[in-house]
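Numbering (my numbering), first residue to last: 15 to 240.
Here is the structure we will look at, set down as structure tokens.
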């Protein structure tokens, strides 16, 4: 609700794309859920260069940029040059995991919240063979996937996912995050995949499952004790 109020304050509604440039972690997970409940989330890889941010912010017609306060990113300068409002997200270090504050005031009134046919998430194709293309996913698309995945994996509330996939990728956002939440399960969001820390995370959060791409599985197996 606070994020919706912040977006309303600068005139953002469900037809607008909000770019998100944040590292993996509980704040990114919570911010993604908050943005998609009000507008269209457009998560971008924090490792992009300035020219890449320039392309994606232009292609998305982004109406705002949410970025973590503190760390420098070329996305800030690109957004400023394009007159795109920058919303700084500050993690609440003393609060529960995933809690944060935003750098703009809240608004109490605005457009209605999104419906099933409104776009909730936009991602780009890889652009390996041609210019990257925007793939829009509606609220009903995300809901259907969030329902089907836990049914296939038989996820239940006692489950806990170790979410090592990037949260600017459909695999991490839907396959790990939304599927777990739909099942009533919990999610542990480390700061990205790190083979050296993977087994420590297993001990710390005691997940019942994790999801990853083959190269990640191979790296985990290579470090597993014989």
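All C-beta atoms, glycine included, are put in the ideal place defined by N, C-alpha and C.
Rounded to whole angstroms, how far is the Cβ of residue 32 from the Cβ of residue 21, which I believe are closer than 8 angstroms? 7 angstroms
Helix, strand or coil at residue 24 [DSSP, three-state]: coil
Going by other Cβ atoms of all chains shown within 10 Å of its Cβ, with 16 needed for buried, is residue 58 buried or exposed? buried
Bridge partner(s) assigned by DSSP for residue 138: 148
On the three-state DSSP scale, how would you describe residue 237? helix
Determine, using beta-carbon pairs with one atom in the segment 177-195 and one in the segment 101-118, whether at least three such pairs fall under 8 angstroms. no
Contacts around residue 225, its chain only, beta-carbon distance under 6 angstroms, and the 5 residues preceding and following it disregarded: 189 and 190
Residue 64 beta carbon less than 9 angstroms from that of residue 100: no
Taking buried to mean at least 16 other C-beta atoms within 10 Å of its own C-beta, is residue 123 buried or exposed? The pLDDT assigned to residue 123 is 48, lower than 50, so where the model puts this residue is not dependable, and the model offers no usable value.
Exposure label - residue 136; buried when at least 16 CB within 10 Å: buried
How is the alpha helix (DSSP H) around residue 114 delimited, first residue to last? From DSSP, residue 114 is part of no alpha helix (DSSP H) but of the beta strand (DSSP E) over 114-116.
Quick check on the burial criterion: 16 or more other C-beta atoms within 10 angstroms. Buried or exposed for residue 231? The residue is exposed, with fewer than 16 neighbouring Cβ atoms inside 10 Å.
Helix or strand or just coil, what does DSSP make of residue 123? In this prediction, residue 123 has a pLDDT of 48, which is less than 50 and means its spatial position is unreliable; nothing more can be read from the coordinates.
Run of the alpha helix (DSSP H) containing residue 200, from where it starts to where it stops: Run containing residue 200: none in the alpha helix (DSSP H); it sits in the beta strand (DSSP E), 200-202.
Coarse secondary structure for residue 78, derived from DSSP in three states: strand
Could you check where the alpha helix (DSSP H) with residue 102 kicks off and where it finishes? Note, residue 102: premise wrong, no alpha helix (DSSP H); beta strand (DSSP E) at 100-105.
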